[in-house]
Each structure stands twice: as structure tokens, then as C-alpha cells.
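All residue numbers for the sequence shown refer to this note's numbering, where the first residue is 4 and numbers rise by one. In this text, a Cβ means the ideal position worked out from N, Cα and C, and glycines have one as well. To start, the structure under review is shown below, and the notes come after it.
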Amino acid sequence: MTGKFVLLNSDDELPKHAHAIFYLDRDQRLVFRDQRQFGVMKLIESGSLSESKGIKELAPEPFGDEFTVEYLRSLLKRSRRSLKTLLLDQTKVLGLGNIYAAEALFRARINPFKPADQLASRRVPDLYEAVCDVLQFAVEHIRGSISLEEGFSYGAAFENFWQVYERAGEPCVRCGTKIRRATQGGRSTYWCPKCQRR
Ligand SMILES: [Zn+2]
Numbered sequence: 004m005t006g007k008f009v010l011l012n013s014d015d016e017l018p019k020h021a022h023a024i025f026y027l028d029r030d031q032r033l034v035f036r037d038q039r040q041f042g043v044m045k046l047i048e049s050g051s052l053s054e055s056k057g058i059k060e061l062a063p064e065p066f067g068d069e070f071t072v073e074y075l076r077s078l079l080k081r082s083r084r085s086l087k088t089l090l091l092d093q094t095k096v097l098g099l100g101n102i103y104a105a106e107a108l109f110r111a112r113i114n115p116f117k118p119a120d121q122l123a124s125r126r127v128p129d130l131y132e133a134v135c136d137v138l139q140f141a142v143e144h145i146r147g148s149i150s151l152e153e154g155f156s157y158g159a160a161f162e163n164f165w166q167v168y169e170r171a172g173e174p175c176v177r178c179g180t181k182i183r184r185a186t187q188g189g190r191s192t193y194w195c196p197k198c199q200r201r
């Protein structure tokens, strides 16, 4: 989340918090910067990548065939955790971080604190669509906005597009009610108390 890759030319100075350097052609270096040191780097043979620890436990990819409304429905039915916490679990749903989980729940008009097994079955397709849409949106915007020269970090490029994340106290884009913030599972959660009442 906090790490970023930066592309350096031969005369560029190495930035602070440079933890891995890849030496490329034309005297360029690809540098992994990670101030908070959450990043992990492993050397694995490409043939055994999908079976390696940390990868094989990952949930189905939201753009893949395994991630369906039915998959999500049975997942939710079996969990009493809050929806937001469950969506962040990478062994259940892959690819949603704190920002996108909050945004997906807002799009689907679902309360982030709702226990997963209490979401009505007919509302699961809304959540499914919202998860796919928010990731699709991010992929489309990342495509045009990556700049390795300036360093790229997830999320930061789209702060103008977020509808609830880091908008506590601002009016909801749909209904004008003030967006609220609370801590949930150690992370900040943002939601509209009117649109996401249930
Ligand atoms: Zn609202």
C-alpha cells in the first residue's frame, strides 16, 4: 500500500527508503521505495509461483470466472464478520484495500458495519457489481496515470474520484448528508449514514 516503484536514470540520486534496486538496460534502475516497510519480496521460480505461500491462499480474482454472485453469496452466508472487514480479507475477496472496500459499499448503499451473514440475499448482486465496478474504475484510471518517473502509489492518483473515503464531514454526493468516519478493525471507515443505513 505505501510502497512505490520509481524509475531512475543513471545520474539520478537514490531516494530515501530504497529497499530493492533492479539494474536495467540503458543504465536505468527500478527502485522499490517502502518507507513503512510493509512490502515483501521473494525470489520464486515462475513455474511454482501459484503454489507458493502467500499466493496460493489468495481468494478468486474479481475479474476471473470463479468470482461470481453465487461465490460471494455463499461466502457472506458463512461469516459473522462485518462486511467491510470481510471484504478486506484477501483470502476471501482479492484486490480490495481499505479505500476500495469503502467505495464499493457506498456504491452498493450497504452499511459497512453490517454482519456479512445478515445481508439479504437479493442485495448480494449489488455488492458484487459494486466490487467489480470500483476495481474496473481503478484499473482504467491507473492505466492512464502511471508515471514511473514520479513514482506511483496505489490510490493516491484517484483521490478526486473517491466518493466517501477521506471525506468525513463533507456532503454525500447522492443525498447531501455529512459523511461519517469511524475506526473499524484498526482501519478508517467512511460511510453515508443515510444512503448506507442498512
Ligand atoms: Zn448519502
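Notebook entry, point to check: Applying the criterion that 16 or more other CB atoms from any shown protein chain within 10 Å of the CB defines a buried residue, is Cys178 buried or exposed?
Noted result: exposed
Margin query: Mapping the DSSP letters down to three states, classify Thr186 as helix, strand or coil.
Written below: strand
Checklist line | Under the three-state DSSP convention, the category Phe70 falls into | finding: coil
Item checked: Closer than 7 Å: Arg29 CB and nearest ligand 1 heavy atom -> no
Notebook entry, point to check: Which term fits Asn163, buried or exposed, when burial requires 16 or more other beta carbons within 10 angstroms of its beta carbon?
Noted result: exposed
Next item on the list: Would you kindly check if the distance between the Cβ of Asp129 and the Cβ of Ser82 is under 8 Å?
Entry: no
Margin query: Measuring only from the beta carbon, is Asp180 closer than 7 Å to any heavy atom that is part of ligand 1?
Written below: The sequence given here places Thr at residue 180; Asp does not occur at that position. Answer for Thr180: yes, Cβ within range of ligand 1.
Item checked: Identity of the residues DSSP links to Trp165 by a beta bridge -> According to DSSP, Trp165 bridges with nothing at all.
Next item on the list: Below 6 Å CB to CB, which residues in the same chain sit around Lys181 once its five sequence neighbours on both sides are set aside?
Entry: Gly172
Note to self: With a threshold of 8 Å on Cβ separation, who are the neighbours of Arg76 within its own chain once the five nearest residues in sequence on each side are excluded?
What the structure shows: Ser124 and Val127
Next item on the list: For Arg170, verify whether its CB is less than 7 Å away from any heavy atom of ligand 1.
Entry: no
Check: Any contact of the stretch 52 to 62 with the stretch 91 to 104, i.e. 3+ C-beta pairs under 8 Å?
Finding: yes
Checklist line | Heavy atom of ligand 1 within 7 Å of Arg110 beta-carbon | finding: no
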